[in-house]
Amino acid sequence: MTELPSRTNRKLGLVIDLDTCVGCHACVISCKGWNTENYGAPLSDQSAYGANPSGTFLNRVHSYEIMPESGGAAQLIHFPKSCLHCEDAPCVTVCPTGASYKRVDDGIVLVNENDCIGCGLCAWACPYGAREMDAAEGVMKKCTLCVDRIYNDNLPEEDRVPACVRTCPAGARHFGDFADPDSNVSRLSAERGGFDLMPEQGTKPVNKYLPPRPKDTMEEVDILAPLLTPIAEEPVGFMAWLDKTLEKI
Amino acid sequence: MKYQPYVDTSPKVSDEIRKTTCYMCACRCGINVHLKDGQVAYIEGNRDHPVNQGVLCAKGSAGIMQVNAPSRLRAPLKRVGPRGSGEFEEISWEDALSLAVSWLKPIRDENPEKLAFFTGRDQSQSFTSFWAQNFGTPNYAAHGGFCSVNMAAAGIYTMGGAFWEFGQPDWDHTKLFMIFGVAEDHDSNPIKMGIGKIKARGAKIIGVNPIRTGYNAVADEWVGITPGTDGLFILSLIHELLKVGKIDLHYLAQYTNAPVLIDAETGLLMRDKEGKLLVMDRLKGEPVPFDQSGVKPDLNGILQRDGKTHHTVFHAMVHRYLSTDYAPEAVSDRVGIPAGRIRAIAAELARVAFEEAFEIDQEWTDFRGEVHSKMTARPVSMHAMRGISAHSNGFQTCRALHVLQILLGTVEVPGGFRFKPPYPKPAEIHPKPHCKVTPGAPLDGPHLGFVHGPEDLALKKDGTPARIDKAFSWENPMSAHGLMHMVISNAYAGDPYKIDTLFMYMANMSWNSSMNTKGVIDMLTDKDESGEYVIPRIIYSDAYSSEMVAYADLILPDTTYLERHDCISLLDRPICEADAAADAIRWPVIEPDRNVRGFQSVLCDLGARLNLRGFVNADGTQKYMDYADYIVNHIRKPGIGPLAGFRGDGTASGRGDVNPEQLDRYIENGGFFVEHVPEEARYYKPWNAAYQDWAVTMGLYDSPQPYLFHLYVEPMRKFQRAAEGHGDRQPPEHLRARIKETLDPLPIWYPPFEEGAVDKELFPLHALTQRPMAMYHSWGTQNAWLRQIHGLNPLYLPSKQMREHGLKDGDWAKVTSAHGNIVVPVAEMAALNENTVWTWNAIGKRKGAWALDENAPEATKGFLLNHLIHELQPPKGDGLRWANSDPVTGQAAWFDLRVRIEKVPPPKGSQPNFAALKSPVGKGPSELKWKVGS
Chain Y
4 MTELPSRTNR KLGLVIDLDT CVGCHACVIS CKGWNTENYG APLSDQSAYG
54 ANPSGTFLNR VHSYEIMPES GGAAQLIHFP KSCLHCEDAP CVTVCPTGAS
104 YKRVDDGIVL VNENDCIGCG LCAWACPYGA REMDAAEGVM KKCTLCVDRI
154 YNDNLPEEDR VPACVRTCPA GARHFGDFAD PDSNVSRLSA ERGGFDLMPE
204 QGTKPVNKYL PPRPKDTMEE VDILAPLLTP IAEEPVGFMA WLDKTLEKI
Chain V
4 MKYQPYVDTS PKVSDEIRKT TCYMCACRCG INVHLKDGQV AYIEGNRDHP
54 VNQGVLCAKG SAGIMQVNAP SRLRAPLKRV GPRGSGEFEE ISWEDALSLA
104 VSWLKPIRDE NPEKLAFFTG RDQSQSFTSF WAQNFGTPNY AAHGGFCSVN
154 MAAAGIYTMG GAFWEFGQPD WDHTKLFMIF GVAEDHDSNP IKMGIGKIKA
204 RGAKIIGVNP IRTGYNAVAD EWVGITPGTD GLFILSLIHE LLKVGKIDLH
254 YLAQYTNAPV LIDAETGLLM RDKEGKLLVM DRLKGEPVPF DQSGVKPDLN
304 GILQRDGKTH HTVFHAMVHR YLSTDYAPEA VSDRVGIPAG RIRAIAAELA
354 RVAFEEAFEI DQEWTDFRGE VHSKMTARPV SMHAMRGISA HSNGFQTCRA
404 LHVLQILLGT VEVPGGFRFK PPYPKPAEIH PKPHCKVTPG APLDGPHLGF
454 VHGPEDLALK KDGTPARIDK AFSWENPMSA HGLMHMVISN AYAGDPYKID
504 TLFMYMANMS WNSSMNTKGV IDMLTDKDES GEYVIPRIIY SDAYSSEMVA
554 YADLILPDTT YLERHDCISL LDRPICEADA AADAIRWPVI EPDRNVRGFQ
604 SVLCDLGARL NLRGFVNADG TQKYMDYADY IVNHIRKPGI GPLAGFRGDG
654 TASGRGDVNP EQLDRYIENG GFFVEHVPEE ARYYKPWNAA YQDWAVTMGL
704 YDSPQPYLFH LYVEPMRKFQ RAAEGHGDRQ PPEHLRARIK ETLDPLPIWY
754 PPFEEGAVDK ELFPLHALTQ RPMAMYHSWG TQNAWLRQIH GLNPLYLPSK
804 QMREHGLKDG DWAKVTSAHG NIVVPVAEMA ALNENTVWTW NAIGKRKGAW
854 ALDENAPEAT KGFLLNHLIH ELQPPKGDGL RWANSDPVTG QAAWFDLRVR
904 IEKVPPPKGS QPNFAALKSP VGKGPSELKW KVGS
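If you read the protein sequences in the order shown, they are chains Y and V.
Letter by letter, the first sequence follows residues 4 to 252 of the working numbering.
Letter by letter, the second sequence follows residues 4 to 937 of the working numbering.
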């Protein structure tokens, strides 16, 4: 069993805007690229050009259809999912070797691959399915919040954000410190009703999701609507209106 | 708390960053390629680049898996087995080029039209067309004809520019963004960035699309329209807006041909002796040229002359669109949208355009010399793409959309739709098509262009089409991009004539880029009585082992996009922004590790070997050693070359002498060049004197070109008049009625042709494809990362159809069209028009292609809808071959398709199932652990 820190100095994490995410998978591949080349073992792919392609990804986008309770048209929600860097992370406490741990300084949950025996208990313990065992290396892989980017002196300051945030074309991903109530992520989450994923699990996830805004709210209007007062029903009347109006221009 | 492990939070990122241009789709974003030990380690977006400003999509980031793809061709190939077998031998470049010359030289000397050169998803069209023009064949085009020529041509004929590469919404000011038929692409990152921007402001999006995915999924309002009826929906919106007078009368009078007089007898626009369009001046009450200083054009001007009464274009529009034929109640059933919803959308457009209007304090001067102290916003913006374009009524639908934008006064104003340089550019100053063939000599001018009447058609003396694809013929007079989808079919049929050599680049014509895939395969492999192939010779250039490779006789292997020079030129498909002219290059950030050459460099060599005028020096030696040499040294007009930046001594923009160090300057600048539009020139570009002057200094125009938007497209009326019997050039009898009906100079709607040709009871469903955001055509499948996102493409059925047919996810269905059938896996989707089925485009693969295992899901469960779509309409019994294309532009009508569904027992794999191709590159490795550097 591994201990969680009683508190962390900061709570770094992501705000993911479900109203804006178009489901393009840019974050998925940018993450794959950075983390294949950087922290720990590369993210491998099995049957890469074969019948059952399957690889390690630290971030995936799922799509769900929902039928609004009020009736109306079905909606499609794109749902990016990666480690939520929980404050009460069950993946850490279940780890038999101490390989999984939560950083005191910033709250990032990491796997120390040197100590990981690939037992997979942490993946079972995570209610979000956010950890993936790398089939080639036999170690557990997970989102590092790009710990090797966010403090990296070799990157320009504006690039010291997770790869998924830097690349997101729609700007649906935001990175910051939730311990600071005035941070960009804290404010955005407060303004837009950021919510926890599966709070009933008691994991206290750091990452927050912004809910989709209400859709298909435009009400059908009849011909008597104020903006649609006819000026004429037929061409002769219309041209008379036109002449009158042109006089005023 | 116990000890926590040390983590190196500042590892070295790379040895070097090289900045170039992405080619994972047609978007052309700037990329930073990180190298370690000379190998590609990581790719990210370039923050300084005008297109993507740092972001990058899934395709772009996966470029690293494209340059290591096992499907890359390795050396020139000569076919040794029968066509389609995939049996080749590797040959040297010298042998390959000598063989090509031995085929092409006699054609050029005797009859250059026997070469058909079509270049698919080419991003170097101004170069490849220059080569074809020098060869002398009239048979050249790229892929626009089967992509979105309706959109491009309708935009240019109507307003001198269209969507995507031609213009963009005013993302910073728009308050309502309405999209029609936009799937996940076109263009890729800029639309996502724009949606992000307007969502952050709380502005609204209305998505009109039968399928609610991607951009339509995040739209605030989804309009799940019946496919092929967008034009009718738009005309109903126009009806409502006219009826309530919510149109921009000032804008219409000043900047459009709405006040121009129509000759009551001919239907042509009235002009003065100098050829200037005539309007009635409200002050003088007499006809005056439209551009005269101080003129107040009268939208309801009436001219009595020679006993006839002539009215304005606007008068004709009011009479047409106020008709109750376009009332919401009258169209509701056909478009599948409740009448009250159509009215609600019309009301919202009117409210935002006129009640949320605002002004920008920016003085500007119009082309009549009038000075305006402000710029007035109409903050409604629109965008559309292939969903409305790829129908046989697509041109008129795209026209209707532009007319709607113009009636609201939302084009080239703050908050509306804005052109990107070199647009706006009136149709009249584009080239016209050329087709005069002289053995041993270049063609008499550019192949493609804009026709303005029957006199501009590409016809032979006997009136038959001059081009193999019948572009610019009576079948589709305004086919500005050619008809690539008809080349193989026409060449095989010898209609209008036979060819000797088919030369193609980046076009997977034996698979996902053709309609009637099986039929095309048969045409490519069929032999005549003498035992020769009906299409005698095929040369093909591709970087990868695509399905088309197996059907060529000679393969010229191209490089990947990181191993080559390219120029993203203002002469071609530009990458500008509304506020800036921009162009860019690619350069070899890594060297090829195979015996491959950039196709454009090969054309420089081939052009010299064939002694083409533009490719040899006076002494007959090769003029351009490679494409880089051409990019820097080619002069299109005095001072104008392929690249606009860093000309002359390195400081000149637009016009300037050749700068031998130009490519180095581009590389230093991050691979691109940007020149900003002056502040006072940012809006009203077609009429803004400051913009016009800036465009001249940049070399975009030779002189100021102010013009009126064409609500009424007069060239169409000229074709109608020919069909009515006027003039020397007359259409064939069988086309008269269709031309009269479909080339209406004001937008109309008619049902897609397939709807009239098939029994709707028998084929009750519409069938569509969309391109996913993480794949570009067939290219993504060879990419180990992207194929894990889209390795399967079920046919998505709406819930109602699933229930009616007793289907559940994973079941199989037989899908039948008037042309054929396929057997495919199905999945349910609720957010879908209830009479529409759809799938992802180009996921299905032929066994043996792309270096994939023959049991790859793309080959066993993936499929193409292409098998159901014929390049011809169903036979009418008249013995004629009627193209399945738009009658105005020849745009391939992919989305007219109608089908029926029946449940079938699970087969071994999707049907039809083709024999495996023999792979010229073997198969890819089973496991990847891709880490470069130490």
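Even for Gly, the Cβ is constructed at its ideal location relative to N, Cα and C.
Under DSSP, N691/V takes part in a beta bridge, and its partners are D369/V. Here S544/V is buried. Its C-beta has 16 or more other C-beta atoms within 10 Å. Per DSSP, the unbroken beta strand (DSSP E) holding N824/V starts and ends at 824–832. The C-beta of L113/Y comes closer than 8 Å to at least one C-beta of chain V. Contact annotation: A319/V and I182/V have beta-carbon atoms that are not nearer than 8 Å. Taking a 10 Å sphere around the C-beta of F198/Y, we find fewer than 16 other C-beta atoms and assign the residue as exposed. Cβ proximity to chain V below 7 Å picks out nothing from the region 87–102 of chain Y.
Secondary structure note for R111/V: its alpha helix (DSSP H) is the uninterrupted segment 96–113.
Residue burial is scored here from C-beta neighbours: I638/V has fewer than 16 other C-beta atoms within 10 angstroms and is therefore classed as exposed. Counting only the Cα atoms, F618/V lies some 9 Å from T624/V. By the rule that beta-carbons nearer than 8 Å mark a contact, N511/V does not touch chain Y. Note on S105/V: under 16 other CB atoms within 10 angstroms of its CB, so exposed under the neighbour-count rule. At a cut-off of 8 Å between C-beta atoms, Y218/V counts as an interface residue with respect to chain Y.
Against chain Y, the CB of I198/V has a partner CB under 8 Å away; the residue lies at that interface. Relative to the Cα of H873/V, the nearest Cα in the group K521/V, L574/V, S88/V belongs to K521/V. Your pair N869/V and M518/V checks out as a contact, with CB atoms roughly 6 Å apart and the cut at 8 Å.
Remark: C-beta atoms of E47/V and I34/V approach each other more closely than 8 Å. Contact between P457/V and R732/V is confirmed by a C-beta separation of about 4 Å, below the 8 Å threshold. Neighbours of S13/V across chain Y, judged by C-beta separation under 7 Å: Y154, N155, D156, N157. Residue pairing by DSSP places E116/Y opposite no residue, since no beta bridge is assigned to it. Annotation: G179/Y has no Cβ neighbours in chain V at a cutoff of 8 Å; minimum Cβ distance is about 16 Å. For H314/V, the three-state secondary structure derived from DSSP is strand. In chain order, M283 place their CB closer than 8 Å to the CB of E289/V, counting only its own chain and leaving out the 5 sequence neighbours on each side.
According to the DSSP assignment, Q69/V belongs to no beta strand (DSSP E) but to the alpha helix (DSSP H) extending over 66–70. Inside the region 202–277 of chain V, DSSP marks whole alpha helix (DSSP H) runs of 4 or more residues at positions 217–221, 233–246, 252–258, from first to last along the chain. Neighbours of E580/V across chain Y, judged by C-beta separation under 8 Å, do not exist; the nearest C-beta is about 16 Å away.
At a Cβ-Cβ threshold of 8 Å, M27/V and Q69/V count as neighbours.
Judged by DSSP in its simplified three-state form, L352/V adopts helix.
As a beta-bridge residue in DSSP terms, R21/V pairs with V36/V. Rounded to whole angstroms, the gap between the alpha carbons of E161/Y and G199/V is 19 Å. Here I558/V is bridged, per DSSP, to L80/V, Y543/V.
Here D696/V carries a helix assignment [DSSP, helix/strand/coil]. L855/V has a beta carbon lying within less than 8 Å of a beta carbon in chain Y. If only complete runs of 4 or more residues are kept, the region 94–168 of chain Y shows the alpha helix (DSSP H) at 124–128, 150–153, in order along the chain. Look at I67/V: its C-beta is under 8 Å from a C-beta on chain Y. In this structure, V605/V sits away from R77/V, with a CB-CB distance that is not shorter than 8 Å.
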